Amino acid sequence: MKKIMDLIAEELAEAFEAAGYDKAYAKVTLSNRPDLCEYQCNGAMAGAKAYRKAPIMIANEVSDRLRGSQCLEEVSAVNPGFINMKLKKEYVADYLNRMIADEELGLEKTEKPKTVIVDYGGANVAKPLHVGHLRSAIIGEGIKRLAKKMGHKVLGDIHLGDWGYQMGLIITELRERKPKLPYFQEDYSGEYPKEAPFTIGELEEIYPTASGKAKEDEEYRREALEATRLLQNGHKGYRAVWRHIMDVSVEDLKKNYESLNVHFDLWKGESDAQDYIPDMIERMEREGYAHIDDGALVIDVQQETDTKEIPPCMIRKSDGASLYGTTDLATLIQRMQDYDPDQIIYLADKRQDLHFLQVFRAARMTGIVPEKTRLEFLGFGTMNGKDGKPFKTRDGGVMRLENLIAEIVDEMLKKIAENRTVDQEEADQTAKIVGMSAIKYGDLSNQASKDYVFDVDRFTSFEGNTGPYILYTIVRIKSILNKYQAEGKSLDDVRAEPAHDDNEKALMLEVMKYNDVMETAFEELALHKICAYIYDLANTFNRFYHETKILAEEDETKQKGYIALLVLTKRALEACIDVLGFEAPERM
Ligand code: ARG
505 MKKIMDLIAE
515 ELAEAFEAAG
525 YDKAYAKVTL
535 SNRPDLCEYQ
545 CNGAMAGAKA
555 YRKAPIMIAN
565 EVSDRLRGSQ
575 CLEEVSAVNP
585 GFINMKLKKE
595 YVADYLNRMI
605 ADEELGLEKT
615 EKPKTVIVDY
625 GGANVAKPLH
635 VGHLRSAIIG
645 EGIKRLAKKM
655 GHKVLGDIHL
665 GDWGYQMGLI
675 ITELRERKPK
685 LPYFQEDYSG
695 EYPKEAPFTI
705 GELEEIYPTA
715 SGKAKEDEEY
725 RREALEATRL
735 LQNGHKGYRA
745 VWRHIMDVSV
755 EDLKKNYESL
765 NVHFDLWKGE
775 SDAQDYIPDM
785 IERMEREGYA
795 HIDDGALVID
805 VQQETDTKEI
815 PPCMIRKSDG
825 ASLYGTTDLA
835 TLIQRMQDYD
845 PDQIIYLADK
855 RQDLHFLQVF
865 RAARMTGIVP
875 EKTRLEFLGF
885 GTMNGKDGKP
895 FKTRDGGVMR
905 LENLIAEIVD
915 EMLKKIAENR
925 TVDQEEADQT
935 AKIVGMSAIK
945 YGDLSNQASK
955 DYVFDVDRFT
965 SFEGNTGPYI
975 LYTIVRIKSI
985 LNKYQAEGKS
995 LDDVRAEPAH
1005 DDNEKALMLE
1015 VMKYNDVMET
1025 AFEELALHKI
1035 CAYIYDLANT
1045 FNRFYHETKI
1055 LAEEDETKQK
1065 GYIALLVLTK
1075 RALEACIDVL
1085 GFEAPERM
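So that you can map any letter, position 379 of the sequence shown is 883 in this note's numbering, and since no number is skipped, the others follow by simple counting.
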């Protein structure tokens, strides 16, 4: 369905032309004076200079031409030259009824589906998921779902950090602890054990221990670097240890992401790019894209128009090892080859923006990625604690994601228990669902690039701009609809009616924005706009709810109109939270 703004703009464009003005001035915006009108056009002011006419004269002439409008009533020209507009009630009801009949609620899928890869999650194998990975997972999942919703072919790839120095560290530490294991016997030629020589718990202790040691002990560090190099060059025993690390770690990661309702289509990682590196490096050298600088192999990416210095993209260290940029470039080769994407969206901490700038430029210059493929880096800010510093546990450690989730769910359970009439099992279940909304909405309602404060008390509140408030509103609607049906009435034949009062009309206008909001959020990769929308929608609904007798309404047609509006509000809210990656319980 066409967006309501576009429908108004079409009529407005005709009116501008009929009055002898350029239709380019026919721009519509939401009213910034909702007490006076619903939509407005400021084009008369913009055109005044070109036509050397007082804006109010233009506004009057255009308004006159809108008298017979299909969708507008009460068009008025207001000093100094605003055109104020209200939608006809019948037109609104008709639009809403078309929304009800449409499975997608009036959202038009793209006519040209693109193949989009969303590179998010970015977990590093053998290191526990911590809060720093939370944002990538939450935002990435939302972007992926939104792109799918718009009709694109989307692949979410976790792009595991599974090949670097941390692997060498773990191998070194394991070898020190259990030197007798076959992986470390150079003359061993049998099969390696199927069972990993460690549990996930041990693995998570081994890594920080090894990392700490390497910082203190230069010899240990050199060993770990050597182990990394040997692993990358195909050392049989080390590869087998690596496989164990992967298996144990990935299983744990899957569990964790699952509990966040985050699902990847591809579980590829840095290691998958390795096969592409030798040829890539060889070509970069042969075709003159890369040159040796201080022993390292680099690609210059500075451009004439740059106002600051952009350091070259390093693709091979002086000791021969590859780097973060190398894997990202090689991964691009693999992605172009396997999926030929039209767009790749990367999610990572915004402090990685220089890295992505270098990689993107190098990829373009060297022809790894053609012009037609859009590369986008969506850098996010830091999640801070109430003290304004990066979020930590009470004793100052890195907060494990699992513990963070558990803390929120606990808090939720306490709140639910306060006014609880449900049994323990349902309460637990509900606390999980509502807790997820608290975490995700708390994150997504901020512009991604900004830092934000993770405030457990605020995020879990049932009032204010929070996930639980949105869910509470949906549950309220569900409960009314259930009661309505319990009276033996059906939801199938409800139809929106021309609004009976201002509260009802306001809610209708909010519901109608749905397709516009989704489209804009996708174009701008701005999930916070969906949050802002559902907050407005929930508020507008609650105002309507408090002023309207719905179930007690005796006029059947009128009541059906109300119920239709409730059904639409619920569907719009649910569609939005589904994109954001959470859901509503039946009761709370
Ligand atoms: N593993 C990286 C980190 O923890 C994030 C990966 C982001 N994606 C990428 N293709 N570089 O910082």
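Note that beta-carbon positions come from the ideal geometry of N, C-alpha and C, so glycine has one too.
Just so you know, these numbers come straight off a predicted model, no measurement behind them.
Quiz item: By how many angstroms is the C-alpha of M654 removed from the C-alpha of G828?
Solution: For the purposes of this step, residue 828 is taken as the residue at position 324 of the sequence shown. For the purposes of this step, residue 654 is taken as the residue at position 150 of the sequence shown. According to the sequence as given, residue 828 is Tyr; it is not Gly. Counting only the Cα atoms, M654 lies some 32 angstroms from Y828.
Quiz item: Any chance the CB of G885 is under 7 angstroms from a heavy atom of the ligand ATP?
Solution: Annotation note on the ligand ATP: not contained in the displayed structure, which lists the ligand ARG as its ligands.
Quiz prompt | Counterpart residues of S580 in DSSP-defined beta bridges | solution = Along the sequence shown, read from residue 1 onward, the residue named residue 580 stands at position 76. According to DSSP, S580 bridges with N588.
Quiz item: For H748, does the count of other Cβ atoms within 10 angstroms reach 16, so buried, or fall short, so exposed?
Solution: Your numbering for residue 748 matches position 244 in the sequence shown. Within a 10 Å sphere around the beta-carbon of H748 sit 16 or more other beta-carbons, which makes this residue buried.
Quiz item: Comparing the CB of D776 with every heavy atom of the ligand ARG, is any distance shorter than 7 angstroms?
Solution: Position 272 of the sequence shown, counting from 1, holds the residue named residue 776. Incorrect: D776 has no Cβ contact closer than 7 angstroms to the ligand ARG.
Quiz item: Excluding the five sequence neighbours on either side, which residues of its own chain have a C-beta within less than 6 angstroms of the C-beta of Y624, listed in chain order?
Solution: Taking the sequence shown and counting its residues from 1, one reaches residue 624 at position 120. Within the same chain, Y624 has close Cβ partners S640, G644 and L851.
Exercise. Taking only heavy atoms of the ligand ARG into account, decide whether any of them is closer than 7 angstroms to the Cβ of N628.
Key: Along the sequence shown, read from residue 1 onward, the residue named residue 628 stands at position 124. Remark: the shortest separation between the CB of N628 and any heavy atom of the ligand ARG falls under 7 angstroms.
Quiz item: Where does D899 fall in DSSP's three states?
Solution: Against the sequence shown, residue 899 aligns to sequence position 395. In the three-state scheme derived from DSSP, where H, G and I count as helix and E and B as strand, D899 is classed as coil.
Quiz item: Given 8 angstroms as the limit, is there contact between the segment 767-784 and the segment 800-816, that is, 3 or more CB pairs closer than that?
Solution: Result no; under three Cβ-Cβ pairs closer than 8 angstroms.
Practice problem: Tell me whether G665 counts as near the ligand ARG, meaning its Cβ is closer than 7 angstroms to at least one heavy atom of that ligand. | Solution: Reading the sequence shown from its first residue, position 161 is the one you call residue 665. Yes, the Cβ of G665 comes within 7 angstroms of a heavy atom of the ligand ARG.
Quiz item: Quick one: Cα of M1022 to Cα of A1079, how far?
Solution: The residue given as residue 1022 occupies position 518 in the sequence shown. The residue given as residue 1079 occupies position 575 in the sequence shown. Their Cα atoms are separated by approximately 10 angstroms.
Quiz item: Are there three or more Cβ pairs, one per stretch, closer than 8 angstroms when the segment 585-599 is compared with the segment 533-544?
Solution: Taking a cut-off of 8 angstroms on C-beta distances, the segment 585-599 touches the segment 533-544, as three or more cross pairs fall below it.
Practice problem: Report, in whole angstroms, the separation of the C-beta atoms of Y692 and V745, which I expect to be a contact under 8 angstroms. | Solution: As a position in the sequence shown, residue 692 is number 188, starting the count at 1. As a position in the sequence shown, residue 745 is number 241, starting the count at 1. Actually they are not in contact, since the Cβ atoms of Y692 and V745 sit about 12 angstroms apart, beyond 8 angstroms.
Self-check item: Distance between E615 and I848 (C-alpha atoms, nearest Å)
Solution: Position 344 of the sequence shown, counted from the first residue, corresponds to residue 848. Position 111 of the sequence shown, counted from the first residue, corresponds to residue 615. For I848 and E615, the gap between their C-alpha atoms comes out near 19 angstroms.
Quiz item: What is the rounded straight-line gap between the Cα of E461 and the Cα of M869?
Solution: Shown here, the chain extends from 505 to 1092; a query on residue 461 therefore has no answer.
Quiz item: Going along the chain, which unbroken runs of the beta strand (DSSP E) with 3 or more residues stay wholly within the segment 805-834?
Solution: Secondary structure within the segment 805-834: the beta strand (DSSP E) runs of 3 or more consecutive residues, fully enclosed, are 817-820 (chain order).
Quiz item: For Q574, does the count of other Cβ atoms within 10 angstroms reach 16, so buried, or fall short, so exposed?
Solution: Residue mapping note: residue 574 aligns to position 70 of the sequence shown, counting from 1. Exposed: under 16 other Cβ atoms inside 10 Å.
Quiz item: Going by C-alpha distance, which of K531, Q807, Y988 and I837 is nearest A517?
Solution: Here residue 517 refers to the residue found at position 13 when the sequence shown is read from its first residue. The shortest C-alpha separation from A517 is found at K531.
Self-check item: Residue from D721, D751 and E727 with nearest C-alpha to E699
Solution: Taking the first residue of the sequence shown as position 1, residue 699 is located at position 195. Residue D751 holds the alpha-carbon nearest to the alpha-carbon of E699 among D721, D751 and E727.
Quiz item: With a Cβ-Cβ cutoff of 8 angstroms, do G1098 and G665 count as a contact?
Solution: A query on residue 1098 cannot be resolved here, the shown segment of the chain reaching from 505 to 1092 and no further.
Quiz item: Where does D666 sit, in a helix, a strand or coil, going by DSSP?
Solution: Here residue 666 is taken as the residue at index 162 of the sequence shown, counted from 1. Three-state DSSP puts D666 in coil, outside helix and strand.
Exercise. Could you please give me the residues that DSSP links to K1062 through a beta bridge?
Key: For the purposes of this step, residue 1062 is identified with residue 558 of the sequence shown, where counting begins at 1. None; K1062 has no bridge partner.
Quiz item: Rounded C-beta distance between E1001 and K1062? I'm assuming under 8 angstroms.
Solution: Taking the sequence shown and counting its residues from 1, one reaches residue 1001 at position 497. Taking the sequence shown and counting its residues from 1, one reaches residue 1062 at position 558. That pair is a contact at about 6 angstroms.
Practice problem: Taking only the alpha-carbon atoms, compute the straight-line gap between F520 and S535 and give it to the nearest angstrom. | Solution: On the sequence shown, residue 520 is found 16 positions in, with the first residue counted as 1. On the sequence shown, residue 535 is found 31 positions in, with the first residue counted as 1. Cα to Cα, F520 sits roughly 19 angstroms from S535.
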